[in-house]
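Under this note's numbering, think of the first position of the sequence shown as 11, with each following residue one higher. All C-beta atoms, glycine included, are put in the ideal place defined by N, C-alpha and C. Following: one structure in structure tokens, then a few remarks.
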Amino acid sequence: MSPKKNNLKDFFRSIPKNIFSGFVVSLIALPLGLGLAMASDAPPISGIITAIVGGIIVALFGGSHVTITGPGNGMVGVLLVAITTLGLESAYAAIICSGVLIVLLGVFRMGKLSDFFPSSAIQGMLAAIGLIILGKQFHIMFAHKIKREDTLDYLFEIPVTINDALHYKNEGLIYAALAGVLGLAIMMFYSKVRNKYLQLIPAPMWIVILSIGFSYYFELVLHQENPIAKQYMISGIPSIQNIIEDIHLPNFSRIGSLPFWGSVFAITLIASIESLLSIKAVDKLDTEKRRSNVNKDLKALGLATVVSGFLGGLNVVTVIARSSVNVNNGASNRSSNFFHATFLVLFIVLFSTQLTRIPLTALMAILVFTGYKLASPNVIRKIFFIGKEQLIIFFITLLVTLKVGLITGILAGVFATLIIHIIVNKNISLFARNVLKPNVLMYHESEGQHNYYISVKHFCSFLNYYKLKDKLDAVPENQDVIVDFSLCSFVDDTVMENINRYQELFKKRGGHFDVIGLDMHDTDSKHPFALRRLLPVPKIIKNNLTRRQTNMESLAHDYALSYHPKNQNDTDFLNNFLFFNTKNIDHIYNVLTYKKKAISLFDIEFSEGEFIAKEVIRTTMLHINLKKSIPEFTLDREGFLEKVYAFAGFKDIPIQNHSDFSERFYLLGDNEAEITRFFTDEITHFFESNPYYHVESNGESLLVFGKERLASIKEIKALFDFGKRLNEVVSKES
Numbered sequence: 011m012s013p014k015k016n017n018l019k020d021f022f023r024s025i026p027k028n029i030f031s032g033f034v035v036s037l038i039a040l041p042l043g044l045g046l047a048m049a050s051d052a053p054p055i056s057g058i059i060t061a062i063v064g065g066i067i068v069a070l071f072g073g074s075h076v077t078i079t080g081p082g083n084g085m086v087g088v089l090l091v092a093i094t095t096l097g098l099e100s101a102y103a104a105i106i107c108s109g110v111l112i113v114l115l116g117v118f119r120m121g122k123l124s125d126f127f128p129s130s131a132i133q134g135m136l137a138a139i140g141l142i143i144l145g146k147q148f149h150i151m152f153a154h155k156i157k158r159e160d161t162l163d164y165l166f167e168i169p170v171t172i173n174d175a176l177h178y179k180n181e182g183l184i185y186a187a188l189a190g191v192l193g194l195a196i197m198m199f200y201s202k203v204r205n206k207y208l209q210l211i212p213a214p215m216w217i218v219i220l221s222i223g224f225s226y227y228f229e230l231v232l233h234q235e236n237p238i239a240k241q242y243m244i245s246g247i248p249s250i251q252n253i254i255e256d257i258h259l260p261n262f263s264r265i266g267s268l269p270f271w272g273s274v275f276a277i278t279l280i281a282s283i284e285s286l287l288s289i290k291a292v293d294k295l296d297t298e299k300r301r302s303n304v305n306k307d308l309k310a311l312g313l314a315t316v317v318s319g320f321l322g323g324l325n326v327v328t329v330i331a332r333s334s335v336n337v338n339n340g341a342s343n344r345s346s347n348f349f350h351a352t353f354l355v356l357f358i359v360l361f362s363t364q365l366t367r368i369p370l371t372a373l374m375a376i377l378v379f380t381g382y383k384l385a386s387p388n389v390i391r392k393i394f395f396i397g398k399e400q401l402i403i404f405f406i407t408l409l410v411t412l413k414v415g416l417i418t419g420i421l422a423g424v425f426a427t428l429i430i431h432i433i434v435n436k437n438i439s440l441f442a443r444n445v446l447k448p449n450v451l452m453y454h455e456s457e458g459q460h461n462y463y464i465s466v467k468h469f470c471s472f473l474n475y476y477k478l479k480d481k482l483d484a485v486p487e488n489q490d491v492i493v494d495f496s497l498c499s500f501v502d503d504t505v506m507e508n509i510n511r512y513q514e515l516f517k518k519r520g521g522h523f524d525v526i527g528l529d530m531h532d533t534d535s536k537h538p539f540a541l542r543r544l545l546p547v548p549k550i551i552k553n554n555l556t557r558r559q560t561n562m563e564s565l566a567h568d569y570a571l572s573y574h575p576k577n578q579n580d581t582d583f584l585n586n587f588l589f590f591n592t593k594n595i596d597h598i599y600n601v602l603t604y605k606k607k608a609i610s611l612f613d614i615e616f617s618e619g620e621f622i623a624k625e626v627i628r629t630t631m632l633h634i635n636l637k638k639s640i641p642e643f644t645l646d647r648e649g650f651l652e653k654v655y656a657f658a659g660f661k662d663i664p665i666q667n668h669s670d671f672s673e674r675f676y677l678l679g680d681n682e683a684e685i686t687r688f689f690t691d692e693i694t695h696f697f698e699s700n701p702y703y704h705v706e707s708n709g710e711s712l713l714v715f716g717k718e719r720l721a722s723i724k725e726i727k728a729l730f731d732f733g734k735r736l737n738e739v740v741s742k743e744s
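As structure tokens, then:
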């Protein structure tokens, strides 16, 4: 069978999974689309139009694989300014023009522009966008609409709004504020509940469900009107017929004015940056580790934006939060984006009248939480750990963006980064003499291990990183590459962050990515992304053991185990497990080993999703290194969720003459014949008579864990005992 036919067969085979993931994403896209549109002072339905148009067009013509498109969080501030300055119809014209410019960016292969922005400046811009969103929507969330000229004024008035809400006399306003507070609480604490059944419905959709249920309770049970003040309920959700009849036609009468083109360029800049950053982040999550055709995606996003503007929608961008959810629910190709748009059409056609039962304050809570995630103290703390100088860049970008504008803010961040680099190196000529020179040389070693060797000279920063990136992109990820910085005087944090991403990518694809020459450099920070330069005396940091580490050290002594408390980044042995396909492993620590690492038990930190959708999870796992090959499989407890998975194309493998096992356990794997032969009577009885654990085989070793949290000392003992006995049972089988 030809590769083309194989690809077509795989596409149709994956449709059930992509329908399922598209449905889950649509549950998030519905309330977010409404909220982001209203936050931009656009009609609520325009956010849904944006998601539908983007989902269809980008799915058909895009160059990425598992991204989701629609209205973006980062666009709220710039669209709000455009609509306020130009009016709605002229803003639609500006959106259409920005779409044309984005198409041209793709045509002229300008996707590499994202590499010219320093990481801390981008973080500062995103934080400013978060504060813009939070500042305005916080007051609406507390049923207290105000109008201010400056974003900082909105932030300064937050204590006043909270105080006013505590003294409301109007019952309608009290209920409206309570709906907002409850919505915010759901957004804040829902992810902490690690229950696979509750997690089937995303937090934003719970807000929608509870809001509509609350409305029906008063209407059908108490026979009363909804007590929430009417001015704080969603309004203006037309039926599908009215949407078609009332499409706002763009007004190009101001196309010759300076404010019009200022808005066009601002919208284009933010839309392209948000999309490019999101595409790069989602590529890291792709289980097949495919590289997106960024320029093709830009052309599709631009075309979708043009169509969206003519239909009364907003800019179409790639969105990281919904894309992360898409990947985590099994999406494998662009059809999931199409299906997410299809479900949104069904929601509007069938349930448009129900959307008016949702309190505006509850939707604003979603945006307030989104704004907080973009500008949370955790962001500042992470940047501080990278380097104190990065905080200066971050805050300059943030403050200038808030006070002046997004374009001026990001340019101020770029300029501040360059000045700081010159001050740090005390050498302006280093940059002036070498910025235009070819500072990257690569050749393919024809002997030995056939390495690709890349030498970087002079300096490597955001100014010339694209030269290094072009070379790295030319190397297949399953090959070996060595990057030598020994002749490089300075390496900035943006380069170090991207180098780290390449290392992760090459590990997952079976290649090797080695960095040499940095042993001659040092830094003020021990963070792996910190900028590198020569320092006379490296700093040494000593860490004391925590209480948990002390207990584990005692446990190791009692059970004759080896114990290593420090962080270990060598996690290659976990890469081939299906569980980690859509997750990024940070490190393992508190490692207990038995019999020369035949069995290892460790705490692990990994993350799901990226950016504002990122959730950091710490749990305890056990790894058994087998001395023989076994089939690859995943074994988990049978439950309602696993029965639902069957409809999405995941098949449970039955074990003959063990009906109890087949009813209680959910067994997955590609080679059913080998798996059924492996599950002998003794192995099957072992699982039937022991506590439930998630057990996974990658063909050479086993991964075992219980709940997605750190285990107690008692639970560690139980898990270790389970692993030892499982190892004995598996080892006895021939």
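Check: Is Glu159 helix, strand or coil when you go by DSSP?; Outcome: coil
Check: For the alpha helix (DSSP H) containing Phe495, name the first residue and the last one.; Outcome: Taken as a continuous stretch (DSSP letters only), Phe495 belongs to no alpha helix (DSSP H), being part of the beta strand (DSSP E) at Asp490 to Val501.
Check: Let me know the secondary structure DSSP gives Val740 once reduced to three states.; Outcome: helix
Check: Using DSSP bridges, identify the partner residues of Arg543.; Outcome: Asp532
Check: For Glu618, does the count of other Cβ atoms within 10 angstroms reach 16, so buried, or fall short, so exposed?; Outcome: buried
Check: I'd like the ranges of any beta strand (DSSP E) spanning at least 3 consecutive residues and lying wholly in the region 321-385.; Outcome: 327-329
Check: Ordered along the chain, which non-local residues of its own chain (more than five positions away) have a Cβ less than 6 Å from that of Ala426?; Outcome: Ile403 and Ile406
Check: Please tell me whether Gly193 and Ile217 are closer than 8 Å, where the distance is taken between their beta carbons.; Outcome: yes
Check: Report the rounded CA-to-CA distance for Val485 versus Tyr703, giving the unit in angstroms.; Outcome: 40 Å
Check: By the three-class DSSP mapping on this structure, what secondary structure does Phe643 have?; Outcome: strand
Check: What are the start and end residues of the alpha helix (DSSP H) that includes Tyr185?; Outcome: Glu181 to Phe199
Check: Grab the span of the beta strand (DSSP E) containing Gly45 for me, first residue to last.; Outcome: Where Gly45 is concerned, there is no enclosing beta strand (DSSP E), although the alpha helix (DSSP H) it sits in stretches over Ile25 to Ala49.
Check: Taking C-beta to C-beta, are Leu541 and Asp503 nearer than 8 Å?; Outcome: yes
Check: Would you check if the region 49-58 and the region 274-290 touch, i.e. whether three or more CB-CB distances between them fall below 8 Å?; Outcome: no
Check: Taking only the alpha-carbon atoms, compute the straight-line gap between Thr603 and His454 and give it to the nearest angstrom.; Outcome: 40 Å
Check: Spatial neighbours of Asp483 within its chain, please: C-beta separation below 8 Å, excluding the five flanking residues on both sides.; Outcome: Arg301
Check: Among residues of its own chain, excluding the 5 on either side of Glu399, which ones have a beta-carbon nearer than 6 Å to its beta-carbon?; Outcome: Ile430
Check: Identify every residue that forms a DSSP beta bridge with Ser617.; Outcome: Asn594 and Val626
Check: On the DSSP bridge list, what partners appear for Asp524?; Outcome: Ile492
Check: In whole angstroms, what is the alpha-carbon distance linking Ala187 and Lys157?; Outcome: 18 Å
Check: Going by DSSP, what residues sit across from Tyr753 in a beta bridge?; Outcome: With the chain represented from 11 up to 744, any question about residue 753 goes unanswered, as that position is not in the structure.
Check: Considering only DSSP beta bridges, list what Leu632 is partnered with.; Outcome: Leu611 and Val714
Check: Taking its Cβ as the centre, do 16 or more other Cβ atoms sit within 10 Å of Asn802, making it buried, or is it exposed?; Outcome: Any property of residue 802 remains undetermined from this structure, which presents the chain solely from 11 to 744.
Check: Between the region 586-597 and the region 708-715, do at least 3 Cβ pairs fall closer than 8 Å?; Outcome: yes
Check: For Leu451, I'd like the list of residues in its chain whose CB is within less than 6 Å of its CB, leaving aside the five on either flank, ordered along the chain.; Outcome: Ser465
Check: Return the CA-CA distance between Ser100 and Lys27, expressed in angstroms with no decimal places.; Outcome: 41 Å
Check: At the level of alpha carbons, what is the spacing between Glu514 and Ala623?; Outcome: 20 Å
Check: How far does the alpha helix (DSSP H) with Val68 in it reach, from first residue to last?; Outcome: Pro54 to Phe71
Check: So the candidates are Arg543, Val445 and His537; which of them puts its Cα closest to the Cα of Met530?; Outcome: Arg543
Check: For Lys467, list the residues DSSP reports as bridge partners.; Outcome: Leu497
Check: Whose C-alpha, out of Pro237, Gly521, Phe22 and Ala310, is nearest the C-alpha of Val63?; Outcome: Ala310
Check: DSSP puts Ser707 in a beta bridge; with which residues?; Outcome: Phe643 and Leu712
Check: Check whether the Cβ atoms of Val326 and Ser318 sit closer than 8 Å, and answer yes or no.; Outcome: yes
Check: Do Val626 and Phe612 come within 8 Å of each other at the CB atom, strictly closer than that value?; Outcome: no
Check: Can you tell me whether DSSP reads Tyr453 as helix, strand or coil?; Outcome: strand
Check: When you compare only the Cα positions, how much space is there between Ser201 and Thr366?; Outcome: 27 Å
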